[in-house]
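Below is one structure, written out as structure tokens, with a few remarks after it.
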Amino acid sequence: MLKVEEYILQRKQEDKLNEFNLDKKVENIKKCIDYIFEYYNNYLNEEDVSEKKIEEDEKIRKYRKQISQYNDEVADWLVNIYEKQHNQKLNNVIGIMLESDCMFYLLHEEADFRALSYEIYPKLIKKYSYLKNDSEMIFNFIKDHYRIKKESKTDVPYISDKLNKWVENTSKQYDVNIERFAFKYLDKFFDNEHMWPRTHKIRVRDKEGIMRTRYDYTKTNNLFNIDKLYIKVSHKPFIKGKKKLLEILMIYIWLTDFEGDEGYFEKYLSRVLGKEA
């Protein structure tokens with residue numbers, strides 16, 4: 001079922017009506033008025049309207065349930081946009097933009113969230129012009145989306161006093177889920193071979209006999225291109241001076257979630273724990 005403005009647009013296209021043709025001004029006014037009468041007298045009927053209202057209300061109810069984790073202010077804003085913008089789920093749109101960069105999971109100060117909102121605002125309004133006056137709500141959404149995502153369960157088992165205390169203290173003191181950050185970085189690293197140093201690539205034959213490139217996680221230097229990553233994130237107070245701990249956490253996640261070679265982790269620990277961990 002079309003909305004009245006959609007119906008008028010459809011009828012205009014059918015009649016090839018050009019509202020800028022002033023020679024037909026009176027005729028065009030009459031046609032536009034006729035379109036409105038047609039819409040309400042012929043196109044709509046009470047039963048259809050009632051069914052449409054029930055259907056739309058149910059969609060809104062389901063959407064509000066999907067976004068129930070957000071605070072009331074953000075949820076109301078999302079629902080309002082959903083209603084007015086043809087069921088646009090803005091939480092998915094902005095969420096994908098935020099989570100595409102693993103650095104999102106290292107935000108911890110108000111200025112961090114504000115800077116990110118300034119960064120994505122022009123990108124959003126370029127495609128969704130109706131957000132032009134919603135810069136503050138975009139900022140609020142970013143903060144609330146971060147709150148939801150960083151609350152993901154931490155599954156790091158006991159590895160060492162130093163590492164486990166670091167993970168725990170980072171969460172308590174800075175409200176940062178360092179494991180979540182490491183997983184997101186490795187998820188991207190796993191799918192992008194161009195991020196792998198040439199010396200860390202090996203060719204292996206898979207179960208089907210096809211030769212494939214694999215990452216050599218047994219190397220003893222610059223695992224997961226951590227040298228470059230550390231330069232990028234070492235200004236964070238909870239990462240500065242923790243390069244080796246970050247590497248240990250990353251190798252654990254890699255072996256557990258990406259390679260399925262948990263047996264190697266014990267060999268790795270025996271090599272590094274007595275030194276810097």
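Read left to right, the sequence shown gives residues 1 to 277 (the UniProt record's numbering).
Glycine included, C-beta positions come from ideal geometry on N, C-alpha and C.
Starting from residue i, trace the alpha helix (DSSP H) both ways and give me its first and last residue.
i: R198; result: Neither: R198 is in no alpha helix (DSSP H) and is coded neither H nor E.
i: M137; result: S135 to K150
i: W77; result: D72 to K84
i: T170; result: D161 to Y174
i: V156; result: First-last for V156: undefined, no H or E at that position.
i: L223; result: First-last for L223: undefined, no H or E at that position.
i: C32; result: K25 to E38
Please return the same chain residues whose Cβ sits closer than 7 Å to the Cβ of residue i, not counting the five positions on each side in sequence.
i: G241; result: none
i: L98; result: F104, I142 and H145
i: I67; result: A75, L78 and N91
i: E19; result: N28
Which term fits residue i, buried or exposed, when burial requires 16 or more other beta carbons within 10 angstroms of its beta carbon?
i: A182; result: buried
i: R203; result: exposed
i: F113; result: buried
i: V233; result: buried
Does DSSP put residue i in a helix, a strand or coil?
i: Y215; result: strand
i: V204; result: strand
i: Q66; result: helix
i: A277; result: With a pLDDT of 45 at A277, under the threshold of 50, the modelled position of that residue is not reliable, and no figure is offered here.
i: P122; result: helix
i: E179; result: helix
i: N192; result: coil
i: Q13; result: helix
i: F258; result: helix
i: K267; result: helix
Quick one: residues in its chain with C-beta nearer than 6 Å to the C-beta of residue i, no 5 flanking neighbours on either side, listed in chain order?
i: V156; result: V167 and E179
i: W196; result: Y215
Since residue i and residue j are thought to touch, with beta carbons under 8 Å apart, how far apart are those beta carbons, to the nearest angstrom?
i: T256; j: E247; result: Not a contact, Cβ separation roughly 15 Å.
i: Y252; j: F265; result: 6 Å
i: F139; j: F190; result: Their Cβ separation, rounded to whole angstroms, is 32 Å, which puts F139 and F190 out of contact at 8 Å.
Got a sec? Which residues, its chain only, sit under 8 Å from residue i by beta carbon, not counting five neighbours each side?
i: D175; result: H108 and K150
i: Y35; result: Y7, I8, R11 and K12
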